[in-house]
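Peer 1: For what it's worth, numbering that gives the first Met the number 0 labels the leading residue of the sequence shown as 0, then goes sequentially. Glycine included, every Cβ here is placed at the ideal spot set by N, Cα and C. Just so it is clear, the structure is predicted and the values come from calculations on it, not from any experiment.
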Amino acid sequence: MPLTRVPRPRRFLTCAPRYFDVRYAINPWMREDTEVDTDLAQAQWETLIRAYRDHGHRVEFIEPVAGLPDMVFAANSALVLEGRVFGSRFHAPQRRPEQLAYERWFKAAGFDVHPPESVCEGEGDLVPAGPYVLAGTGFRTTRAAHQEVQEFFGVPTISLLLVDPYFYHLDTALFVLDDRNIAYCPEAFSPGSREVLGRLYPDALIATRDDAMAFGLNSVSDGRHVFVAPQATGLIDQLTDRGYVPVPVDLSELHKAGGGIKCCTQEIR
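1) Three-state secondary structure (DSSP) at Glu-59?
2) Just mark Pro-164 as buried or exposed, buried being the case when its beta carbon has 16 or more other beta carbons within 10 Å.
3) What distance in whole Å lies between the Cβ atoms of Ala-73 and Thr-232, which are believed to be in contact at a cut-off of 8 Å?
4) Less than 7 Å between the C-beta atoms of Val-84 and Phe-105, yes or no?
5) When you compare each of His-54, Gly-66, Asp-53 and Trp-44 to Phe-60 by their alpha carbons, which one comes out closest?
6) Express the C-alpha separation of Asp-20 and Glu-34 in angstroms, rounding to a whole number.
7) By how many angstroms is the C-alpha of Asp-170 removed from the C-alpha of Gly-215?
8) If we ignore side chains and look at the alpha-carbon of each, how far apart do Leu-99 and Ala-182 end up?
9) I need the straight-line Cα distance from Val-58 to Ile-260, nearest angstrom please.
10) Assign Leu-12 to one of two classes, buried (16 or more other C-beta atoms within 10 Å of its C-beta) or exposed (fewer than that).
11) Out of Asn-75, Leu-47 and Val-64, point me to the one whose CA is closest to Thr-140's CA.
12) Provide the residue span of the beta strand (DSSP E) that contains Ala-128, from first to last.
13) Out of Pro-114, Val-64 and Asp-32, which has the shortest C-alpha to C-alpha gap to Arg-17?
14) Verify whether the separation of the beta carbon atoms of Pro-142 and Pro-6 is less than 7 Å.
15) What are the uninterrupted segments assigned as alpha helix (DSSP H) that are 4 or more residues long and contained completely in the segment 127-205, given in chain order?
16) Sorted by chain position, which residues of the same chain lie with C-beta nearer than 7 Å to Leu-39's C-beta, five sequence neighbours on each side aside?
17) Nearest to Leu-47 by alpha carbon, out of Ala-228, Asp-177, Phe-188 and Pro-27?
18) Which first and last residues belong to the alpha helix (DSSP H) in which Leu-99 is found?
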């Protein structure tokens, strides 16, 4: 008999894809001059917002800025823990103007923002998981940023090496199910990082590369409901078997830029 999972209300910051486009290629998913249906992207994003609200979560919005087509990916803007904000410093120069826009929002909302000294892409590579922050590196966020995060929050920060360029951020290869467990795709990580995850999470949900490539691991869980790409059918079955409640939300138009549900969702803790 599957366990009865208990959800916890969350507070999310999001940004509408009003100016979403694929104008440059900074990850393997992106192709310059890809045709984008902005109306479809907007409609899919609105479905995600409704799903969050229907499940009791608070959703807030930052005004999108013209000329910043990736601003919809709010998760990359910061890591917020216990009311403290560790900002971003993007690897790609095309995205660096987003830093100021998000910093202004956080400051207007009453937060102080700590700007990182090293390249760091927020929750894209920094995943709070119970007593730890799991921290990705290999393509974007640097190991030096992991050290900064640990010093700033005083939370043990565990470096994990990503080795597959399709999983250029940690949140494409791993997500937190609840305070005790995670789901991840082993093939996305170096052998040593796989061993670390195996030691920390012996009961983790192991996803296939196919489900990861379908953006199944770019998911958001409230401890019971898992907002997940409907294309990740095997992962959805595994979640159900473990007592979670999948909430499929299709963001396929945003996949063209290498983003999904979690990429669009910055959690304010």
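Peer 2: Taking the coordinates as given:
1) As a position in the sequence shown, residue 59 is number 60, starting the count at 1. DSSP places Glu-59 in strand when its eight states are reduced to three.
2) Position 165 of the sequence shown, counted from the first residue, corresponds to residue 164. Classification for Pro-164: exposed.
3) Here residue 232 is taken as the residue at index 233 of the sequence shown, counted from 1. Here residue 73 is taken as the residue at index 74 of the sequence shown, counted from 1. Not a contact, Cβ separation roughly 27 Å.
4) For the purposes of this step, residue 84 is identified with residue 85 of the sequence shown, where counting begins at 1. For the purposes of this step, residue 105 is identified with residue 106 of the sequence shown, where counting begins at 1. Contact flag set, yes.
5) Position 61 of the sequence shown, counted from the start, is the residue given in the question as residue 60. Out of His-54, Gly-66, Asp-53 and Trp-44, Trp-44 has the C-alpha closest to the C-alpha of Phe-60.
6) Reading the sequence shown from its first residue, position 35 is the one you call residue 34. Reading the sequence shown from its first residue, position 21 is the one you call residue 20. Roughly 8 Å separates the two Cα atoms.
7) One-based indexing of the sequence shown puts residue 215 at position 216. One-based indexing of the sequence shown puts residue 170 at position 171. Their backbone Cα atoms lie some 10 Å apart in a straight line.
8) Numbered from 1 along the sequence shown, position 100 holds the residue referred to as residue 99. Numbered from 1 along the sequence shown, position 183 holds the residue referred to as residue 182. Each residue's Cα considered, the two are about 32 Å apart.
9) Translated into the one-based positions of the sequence shown, residue 58 becomes position 59. Translated into the one-based positions of the sequence shown, residue 260 becomes position 261. So the two alpha carbons sit approximately 14 Å from each other.
10) The count along the sequence shown starts at 1 and reaches residue 12 at position 13. With 16 or more Cβ atoms within 10 Å of its Cβ, Leu-12 is classed as buried.
11) Numbered from 1 along the sequence shown, position 141 holds the residue referred to as residue 140. For the set Asn-75, Leu-47 and Val-64, the Cα lying nearest the Cα of Thr-140 is the one of Asn-75.
12) Taking the sequence shown and counting its residues from 1, the one referred to as residue 128 is at position 129. 125-128 is the span of the beta strand (DSSP E), which, as asked, contains Ala-128.
13) Residue numbering aside, residue 17 sits at position 18 when the sequence shown is read from its first letter. For the residues Pro-114, Val-64 and Asp-32, the minimum Cα distance to Arg-17 belongs to Val-64.
14) Along the sequence shown, one-based indexing puts residue 142 at 143. Along the sequence shown, one-based indexing puts residue 6 at 7. Looking at the sequence itself, residue 142 is Arg, so the reference to Pro does not match. Result no, Cβ atoms of Arg-142 and Pro-6 do not sit closer than 7 Å.
15) 142-152 and 190-199
16) Walking along the sequence shown from the start, residue 39 turns up at place 40. These residues qualify, in order along the chain: Glu-252.
17) Walking along the sequence shown from the start, residue 47 turns up at place 48. Of the candidates Ala-228, Asp-177, Phe-188 and Pro-27, the one whose C-alpha sits nearest the C-alpha of Leu-47 is Ala-228.
18) Residue mapping note: residue 99 aligns to position 100 of the sequence shown, counting from 1. It spans 96-107 - the alpha helix (DSSP H) in which Leu-99 sits, taken as one unbroken run.
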